[in-house]
Structures are given as C-alpha cells and as structure tokens.
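For reference, the structure discussed in these notes is given below.
Numbering (the numbering used here), first residue to last: 559 to 1129.
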C-alpha cells in the first residue's frame, strides 16, 4: 500500500523538515548519561557515609544541595537527548568532565589532611587530632572519575571531531574567554572568610600543595574548555558545551556562598561571586552559541577600508608607546621633603612596554609587515596597563599615605593605557574586516599547535600568579594574594596570554604564529621585572614566577615557529 503524500510517514518533505525525531539515541551516549548520573549520585551522597574517621559531619545539612548541583549536567543531557538534540546532550557532559580533574584533586585534600580542606558543606572538624579518610571520600573521588568517563563516552557516542571556527564566532569567543578568565580568577581566590578556627580558608596560592594544584587545574580548565567548545562550528555542540561548563562551575561556587549564608562565623568572599557571574554569563552566551550562521545580513555594517583601520591603530599604538616612554622618564609623583619616592623602580617597566608599542606602531605603517603585526597588537597592548598598574599603585599609595601629588609621569601612564586599548580595539576591527575576505570554512584545529599552546597556558598562569621577585619581609602584589592596583595589570596580562593560547590553534597558521609570538612578548615583559626592579629590595632572589615565565617564553616562541611552518595547503 502506498503512503499518502500528506501523511508524516509517507512524505519525504516532512522528514526533511523535521528529521530530529527519527534519530536513534546512540548506545554510548545513553551509557554516558547513566554514568554521569551515577557519578553525580556518588558526589552528592558520598558525604552521607562520612568522609573521615573518627566521624565528623558537615557544618550544615548540605547533601541535598550538593546532589541537586551534581545532577544538573546529567539532567540537562537527559532532557536534550530525549528531544534528540544529540550534539547538545553530549556536549553538556564535556564541561563537567574537563573540570572534574581539578575537582578531584581538590577533594584529595580529605586524604592528605582533612583539617585543611576548609569545606564546611562537606566537613567541619572540631579537633586537632589526626583524621583518616573513610569510605565517603572514595565515593566522592569515584564520582569525579565517573564524570570524566561520561564525557569521553558522550563525545565518542556522537562521533564529534575537531571543528574550526568561522569569523562569526570571533565575538562569541571573546566574550566566552572573558567569562572563563573571570571564573579562573574566582576559583583561585579564597572561597569565604571565616572566624571559625577550624575553618581556615586560603587562596589557592597560599594553601596546601593539593589545593594549589587543584585550583590551578580548575583555573586553566574553565577558560580553555569554554573557549574550545564555543569555537565549534556545530551550534548544538557549542550551546551544550557552555551549559555544561556553567553547571560544573556552579558546583564549585554555590556551596561556599550557601555556607556563608547559613553559618554565623562564615562570611562570603569575592571568589565564588566572580564564578557565579561567569556562570550566568556562560548560560546567557549559550543562547547565541546555539544559533546557526544565517548568512550575511543585508544591513551589513559599512566599515572603513582595511588599510585605514590599520593605519589608525598604528598611530594610536605609537602615541601609547610614546606616552609610556614619557611616563618612564618623567617624575611620577612629587613627594614631601624627606620622604622617598616609591615609583622609580615600578616605572622602569614602562621602558620595555613603551618600546614594544612604538615598534609595533612603526611596523604597522609598513605594508609588508602590517598583516603579520596587526594580530600581535591585539595581544601586546596589555603590556601598557601591566606596566602602568605598578606605577599607579605606587602613586596612589604615596598620595594617600604621604599627602604627595601625582606628577606628569603618572598622568602620561594613565593616558597611555587608554590609547593602547583604543589601538587594540581598532586592530581587532581590522581583523574582522580582513576575515570577511578569507574563506574560513575549511579551517581545522591544528593539533601540533594545540598541545604546546595548552602547555604554554599553564606556564603563563604560573608566570603571572607567582611572584618573579622574592625578598625577606616582602609580599609581592599578586592576582590572588595582596590584591591591589598592580594586580589588575597582572590579571589583564594573564587574560591576554590565555586568550592567545586558546585562540591560536583555531586560527590560520600565520595568524596563530603572530598571536603566540605576541603572547611570548607579554610574558617576556613579565620576566624582565626581575632584572629591572630587583635592586630596590635587599636580599632579593628570583621567584617561582620568573622560571615559569622563562619556560613559557620558550614554549610560545617554539610553538609560534611550528605554526608558521604549517604547509601552505593547510593554511
């Protein structure tokens, strides 16, 4: 019997219009969802069995919250799978899998020394006696392992391969990376403040080694995973990936905030708040990430010619560099008689920063070099705020503590930051115009660039997180310790290095080489902080950040050379 054309089972047009319901759910994806749900149950209910011996309970009834948070990702995957959104369902499980190693290492603190874990939602000890891990810890760790396995099975279940990224994704990638960096900063900060002597929270860099490693793994995984998933040309995979990363970050950020809300001796801190802001941003960005490219709009923005944009960015870079050099040479602050000026040594950092911007500005005016140097400017500009932040910090301190007055150098440094940022924005717009004339449909993730870029990302995080200079009775301003004006420069520079390392594997080889080379110059300026400023402190010695920075420069330059040598037929 012939099917009627207007019946859903008999017309090919109906199938073409709505093919999704006919898709069969792959067995591996089914298993992945089950494994993810089982892992969530272990993470949520494991603490009920007790984490330590002798037994000690949580500071409040937290297991229902932990269970609900852990089930977010598998529940979303189940809903999307039932709607036959297979790519979205699989990608939701990728985010928790990527963040699971960091969470697993953090929970290993219950094995190493439970008293230093500072996790009131899981445990509150009331003794200084030694504690041993019990069955609940192993279930908790097994839950994180299950999340990793579920992520691997989900991707294998739908056969999703490496994807490139079109020009329409660049704006989304930028916003996602910003959200990821905010989350990275948040997870490395103290989870809460406490007046309880048995709950002593620490920033990751000041805590035990286990917490340090776990925090760094989370800080690296958040922006890199979010950026990679957002760069997929499969909109469904991009949307699910961002939702999965948001769900995993919520599991990290929400418990400390609830602890501060229900416990009298615990107060909220900025770290979890920043992570929650990142979670909200990723959820919001998942909406445009899931929209397919609809083609060119009839109301395309009419942009100036590419050459004019590059010339404008070059002039702005020259002005920014010149102002930075002026700030280095001119007095930054006028101190009252008899008081020492604290700004000369921080001002030395403006010399390499200003020189780099001047060199880039001159190079951009040369037609043959402009195409290669334009993407470099979008990264290298951060050396100006990085260097200026230290100067402005010294000036602000002198003005507030000694009734000093800012000099021309301080004003020049501040204005240089504005010109450098403007130059980078114009250069980024020029890049968007340039990509309109390039076929990006055949772009692919370059594995020979991806792996060393991720290594460089880790080294760069260490370079800006750890001090490059140590001395007796001296605490260097940092991203996660002694946060101040100088720290904002470190955060901006670190964000640029992370962004370059994440974007480079998805760019055309010449542009990837330029981004990686630019990131190496930013880290090199950080490394120069030791020889330029070490004389100000007696007994100064190289810090861990110096060695991380030096290694990062080598890896970035090597990766840049490798990217530049990719065969032309793969560009």
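From the three backbone atoms N, C-alpha and C, an ideal C-beta is built for every residue, glycine too.
| Item | Value |
| --- | --- |
| Local conformation of residue 1033 per DSSP, three classes | coil |
| CB contact flag (residue 777, residue 1019, <8 Å) | yes |
| Residue 791 in three-state terms, based on DSSP | coil |
| Residue 949 beta carbon less than 8 Å from that of residue 871 | no |
| The stretch 931 to 942 touching the stretch 884 to 896, judged by at least three CB pairs closer than 8 Å | no |
| Test item: CB-CB of residue 598 and residue 629 under 8 Å | yes |
| Residue range of the unbroken beta strand (DSSP E) whose run includes residue 940 | Run containing residue 940: none; DSSP gives neither H nor E here. |
| Host beta strand (DSSP E) of residue 636 (start-end) | Residue 636 -> not in any beta strand (DSSP E); alpha helix (DSSP H) instead, spanning 630 to 640. |
| Residue 714 (DSSP reduced to helix, strand or coil) | helix |
| Which of helix, strand or coil DSSP assigns to residue 1045 | helix |
| Own chain residues within Cβ distance below 7 Å of residue 652, not counting five before or after | 709, 712, 713, 787, 799 and 802 |
| One or two residues paired with residue 1117 in a DSSP bridge | DSSP output for residue 1117 lists no bridge partner at all. |
| Status (buried if at least 16 other CB within 10 Å, exposed otherwise) for residue 897 | exposed |
| Neighbourhood of residue 1021 by C-beta distance below 6 Å, restricted to the same chain and skipping five residues each side | 1081, 1084, 1103, 1106, 1107 and 1110 |
| Residue closest to residue 1100, alpha-carbon to alpha-carbon, out of 1056, 1030, 1118 and 1123 | 1030 |
| C-beta contact flag for residue 1069 and residue 933 at 8 Å | yes |
| Strand pairing of residue 611, partner residues [DSSP] | 690 |
| As assigned by DSSP and simplified to three states, the class of residue 646 | helix |
| Range of the contiguous beta strand (DSSP E) that encloses residue 890 | From DSSP, residue 890 is part of no beta strand (DSSP E); its letter is neither H nor E. |
| As assigned by DSSP and simplified to three states, the class of residue 949 | helix |
| Pairwise C-alpha distance: residue 877 and residue 964 | 21 Å |
| Boundaries (first-last residue) of the alpha helix (DSSP H) holding residue 594 | 585 to 603 |
| Contact between the stretch 812 to 825 and the stretch 641 to 650 (3+ Cβ pairs under 8 Å) | no |
| Which of helix, strand or coil DSSP assigns to residue 1026 | coil |
| According to DSSP, residues forming a beta bridge with residue 824 | 752 |
| Distance, residue 626 Cα to residue 564 Cα | For residue 564, the predicted structure reports a pLDDT of 41, less than 50, and the residue's modelled location is therefore unreliable. A value from the coordinates is still provided. The alpha-carbon atoms of residue 564 and residue 626 are separated by roughly 45 Å. |
| Where residue 1091 falls, given that 16 or more other Cβ within 10 Å makes a residue buried | buried |
| Beta-bridge pairing of residue 1100 - partner residues as DSSP gives them | 1027 |
| For residue 921, the first and last residue of its enclosing alpha helix (DSSP H) | 908 to 922 |
| For residue 985 and residue 966, the rounded distance between their alpha carbons | 28 Å |
| contact_flag[the stretch 613 to 624, the stretch 764 to 774] where n(CB pairs < 8 Å) is 3 or more | no |
| Distance between residue 592 and residue 783 (C-alpha atoms, nearest Å) | 23 Å |
| Proximal residues to residue 797 (C-beta, below 6 Å), its chain only, five neighbours per side dropped | 646, 844, 847 and 848 |
| C-alpha distance - residue 912 paired with residue 945, whole-angstrom precision | 9 Å |
| One or two residues paired with residue 964 in a DSSP bridge | 891 |
| Cα-Cα separation, residue 735 to residue 1057 | 7 Å |
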